[in-house]
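Residue numbers (the working numbering): 22 to 484.
From the three backbone atoms N, C-alpha and C, an ideal C-beta is built for every residue, glycine too.
Just so you know, these numbers come straight off a predicted model, no measurement behind them.
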Ligand code: PHE
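What follows is the structure, given as structure tokens:
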């Protein structure tokens, strides 16, 4: 069967940026900056995203494009193009890891995107009724209700499925064309608004001026431990933010034709993803600082602190609604990509139609989210160690299984098929690749990325 392809390069960039830009940028990035010393985290993140993230993303997109098929068959197909035969185990292990991550991450992601949808509706209510419905207890009320959270989660699943059923071009690409520019405009508007708020300088200074001590450069000399910790946190965030860890990048790459200049497209994707993270920081941090709160609060920063800040500002109800729409849109386009990873695999391997695959995945997603919520709201006594399933699965996928998949795929790319991957990057490129680029790319896939992934993996294991 002929492989479907994206309608245009811009469509591909917007859809892939849509996958990358998600809860990771708007919800997670600002509190990571907050709890990791501000500007130095931003600087480290920047270095990680450009020095390694970009090259890995480029390699994975090229891997997908060279394969032009699903992830299970992709390993063997690309090896064959390199005149090699590999054990089918590569494909099955890679596919199984990817599918596991799709199921678990979507289960967790839907809980959070459900909260954002609830806040969008509440925020809309506030704006139009003039009554403030979001107060300090709203979040704890929502997160203790199994039924409410499941309801909002299922609504998000229905919306995602409706888009996915329409397919790659008519569903994902078309919607990204509308939603992504909308997201950028909203983001810019909010960042400017906050910029002119009295007292915003403190937050901006915190975000942009590195505090070298937090990077390990203390008056007593250089502290390697502090530096390494910061580096690993930033690297992990870069992998997550660039949607690595479940074959999503591979699949989006497999819908590319040889005509697209991959390097320029990847630069745009990494650029947009980083830009949105910085803008989110420019919205959240100054707002929080201006009202004397601490930014290092973790997940509740967006759902508890920010609404309180907004409720004290003039015009705050407009900003609040905008912020949650932003979060929802960003998360929705990411969830769509996570779904596509699973759907494309199910269609190919189970030989079923797109509609059946979407419905099957949505059904599984509802069950898994239901179980996670039952544990999270203590409706059922389901724990993993000392943690409820929401926190446990979030940590398990974020720290282990997603990194494991990236490591697995990178080892394959570097040691088995690097020649074909590097050749594929040149397809459609306007300029010839320099010798230096080819060397750096191969070296990254073979040594730098696996080494960093391994250290990341082992260090979290011992923490
Ligand atoms: N990149 C997304 C975010 O920042 C998360 C994601 C990870 C999406 C992996 C798809 C695959 O929220």
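Asked	Found
Residue 36 versus 368, 438, 198 and 445, residue with shortest Cα-Cα distance	198
Sequence-distant residues of its chain with Cβ nearer than 7 Å to residue 339 (five each side left out)	148
Segment contact flag, the segment 425 to 438 with the segment 455 to 474, C-beta cutoff 8 Å, min 3 pairs	yes
For the ligand PHE, residues whose Cβ lies under 6 Å from any non-hydrogen atom	40, 41, 43, 44, 45, 46, 261, 262, 264, 266, 267, 269, 355, 358 and 359
For residue 239: DSSP bridge partner residues	242
Chain-order list of residues whose beta-carbon lies under 6 Å from that of residue 125 (same chain, five-residue window excluded)	414 and 418
Three-pair Cβ contact test at 8 Å for the segment 198 to 214 versus the segment 28 to 42	yes
Test item: CB-CB of residue 86 and residue 445 under 7 Å	yes
Nonlocal neighbours in the same chain, by C-beta distance under 7 Å from residue 405, ignoring five residues either side	413
Cβ-based burial, residue 435 [other Cβ within 10 Å; buried from 16]	buried
Own chain residues within Cβ distance below 8 Å of residue 251, not counting five before or after	57, 58, 61, 62, 65, 235, 236 and 237
Residues bridged to residue 231 [DSSP beta-bridge criterion]	59
For residue 404, three-class secondary structure by DSSP	strand
Residue nearest to residue 411 in terms of C-alpha spacing, selected from 116, 133, 225 and 450	133
Per DSSP, cross-strand counterpart(s) of residue 409	404
Distance, residue 215 Cα to residue 222 Cα	10 Å
Residue 122 and residue 266 closer than 7 Å at C-beta	yes
Where the alpha helix (DSSP H) through residue 29 begins and ends	Careful: residue 29 lies outside any alpha helix (DSSP H) and carries neither H nor E.
Anticipated Cβ contact below 8 Å, residue 281 with residue 81, distance rounded	Actually they do not touch by this definition, with Cβ atoms about 15 Å apart.
Boundaries of the alpha helix (DSSP H) in which residue 471 is found, first to last residue	470 to 483
Cβ pair count under 8 Å reaching 3, the segment 39 to 55 against the segment 297 to 308	yes
Test item: CB-CB of residue 332 and residue 88 under 7 Å	no
Buried versus exposed call for residue 243 [16 or more other C-beta atoms within 10 Å across all chains shown]	exposed
Residue burial classification, residue 409 (beta-carbon count within 10 angstroms, cutoff 16)	buried
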